[in-house]
Structure formats: structure tokens, C-alpha cells
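Residue numbers (my numbering): 2 to 181.
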């Protein structure tokens, strides 16, 4: 449906638009690996088909596809019974970014270390992903590609000033979009 709306953009008088699509089933407390593999077997061909249509329409350089999730998973299960235990909600997950302006073939941001948190983040002995990249940093890069002016980024990414600037601080490793 999104491809059809993009194809009809001129008739509809639309310029740049934001579309939302969702795919459920990622709340995989148990059997995570088989479930995730099955979900990826659905998602990968759907993204590939969408990308092919964008190329055939000649708009692939004008389309940025970004995935988001509200959680990742804990590192260890929430019990000892393999039939009922699994990983719980956590934070610090990954995103998929696709489209003509994406500088692909790389992993951006920083892969977190796999260790049990200490200090103020030690609320669980089961381990946590401690994010190295803020969603505000990531979102600011996408927003700027979309045309948001620098002065307006704080309204969209209100915590951006709490993290290194994704446009000037090369340590963030968030140069994933070609702005030209």
C-alpha cells in the first residue's frame, strides 16, 4: 500500500511523506532464534520487493526506510524451565535502515559489550544491553535527511543535547545517510 501511495504521489499532490507500517510477532520470550528466523524470512523479501518497486519508480534516492522497536531482549532467560522461560524486554536494540541515500553495507553506531551491568545500571543480574547510541542521535540524522532544520532538531529529538552531536562528533559513527 505504501508503494502505491508513493507511486501516486503526483496525482495526490504529495511531496515528502512519512508512512508507518508494522509487523508484529517480535515479542519472542521463548524460542527466540527460530521465531526470529521466521520473522526475518517474512521481512527480508518484503523489504526487497519494496526496494525494487522504489527503484522501478525512480524514487529510491528519495526513500529512507527505518525500522524501530520499543525494546530489545535481555541477555539471559527469566527462568530455568526451557518450556516456559525466555528473554524479557530490554533496551538498546538495533534498527534496519534502507534506501538510496543510505551508505549501506556497514554497521553504524557501536555494538554494545555483552556483560552484566554495574553501578546504577546493575538493576538486574541477568544482563542488559547498555545502549551506546541514543534514539535521539539516530532520529536526528533521519530528521535532517527529511529536511528538518538544525534549529528544529531539538523539538523532535529533545534529548539530543545529552549525547555527542551525530553530525560533528565522528565517535558516534552515525554517518549512514548521504545528504547530497
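Using N, Cα and C, we set each Cβ at its ideal position, and we do this for glycine too. In this text, all values refer to a predicted model and were calculated from it rather than measured experimentally.
- Taken through DSSP and simplified to helix, strand or coil, residue 136 comes out as helix.
- Pairing residue 168 with residue 135 gives a Cβ-Cβ distance that is not under 8 angstroms.
- An exposed status is given to residue 21, since fewer than 16 other beta-carbon atoms sit within 10 Å of its beta-carbon.
- Within 10 angstroms of the beta-carbon of residue 100 lie 16 or more other beta-carbons, which makes it buried.
- Restricting attention to 54, 34, 38, the CA atom closest to the CA of residue 88 is found in 34.
- Residues 133, 134, 174, 175 of the same chain have their beta carbon placed closer than 7 angstroms to that of residue 110, with the five preceding and five following residues left out of the count.
- In the DSSP annotation of this structure, the continuous segment of the alpha helix (DSSP H) that includes residue 7 starts and ends at 3-8.
- The Cβ atoms of residue 68 and residue 108 lie no closer than 8 angstroms to each other.
- Distance check between residue 3 and each of 31, 54, 27, 37 places 54 closest, using alpha-carbon atoms only.
- Within the same chain, Cβ atoms closer than 7 angstroms to the Cβ of residue 73 are found at 91, 92, 93, 94, 130, the five residues on either side in sequence being excluded.
- Between residue 103 and residue 81, the alpha-carbon positions lie close to 42 angstroms from each other.
- Under the DSSP assignment, residue 157 falls in the alpha helix (DSSP H) whose first and last residues are 154-157.
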